[in-house]
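Student: The opening residue of the sequence shown carries number 857 in the working numbering; numbering runs sequentially from there.
One structure, as structure tokens, below. Some questions next.
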Amino acid sequence: MATSSGPAAGGGLSSRELQIGWQYRAACKGPVSNLFFAPNHLERKEQRLAREAAAKAICRTCPVLTECREYALLVREPHGIWGGLNEYERRQLLARRAG
Ligand code: SF4
857 MATSSGPAAG GGLSSRELQI GWQYRAACKG PVSNLFFAPN HLERKEQRLA
907 REAAAKAICR TCPVLTECRE YALLVREPHG IWGGLNEYER RQLLARRAG
């Protein structure tokens, strides 16, 4: 888990580290990538929770979780699971850091 301090809410990561390279080591590449975003059709709450849990389990194995999370926070990514957090959890983390 990233720290709450650091430049540009980057948890100590440089802007270069946040912007390049890490995507190539992502654990969510390929067929599993559809778990990370809501489908185009209506998704019931139980389905969303199950999908997000499966995505977060992949994130827990990901070697670039910190870089991914900090990037999503930096760009205020509004959709999907990034760095093991959904959009609501990212907003909560940003609010805690600001507080
Ligand atoms: S932390 Fe999760 S969303 Fe981010 S690159 Fe890794 S698997 Fe993908």
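Idealized CB from N, CA, C, for every residue including glycine.
Are there any heavy atoms of the ligand SF4 lying less than 7 Å away from the beta-carbon of Gly-939, as far as the coordinates show?
Tutor: Under cutoff, so the answer is yes.
Student: Three-state secondary structure (DSSP) at Leu-898?
Tutor: Residue state, collapsed to three classes: coil.
Student: Measuring only the C-alpha atoms, how far is Pro-863 from Leu-949?
Tutor: Confidence in Pro-863 is poor, its pLDDT being 26 and thus under 50, which makes the residue's placement too unreliable to answer from.
Student: Taking 7 Å as the cut-off, is the C-beta of Leu-898 nearer than that to any heavy atom in the ligand SF4?
Tutor: No, the Cβ of Leu-898 stays beyond 7 Å of every heavy atom of the ligand SF4.
Student: Do Cys-918 and Ala-894 count as a contact pair if the criterion is CB distance below 8 Å?
Tutor: The answer is no: Cβ separation not under 8 Å.
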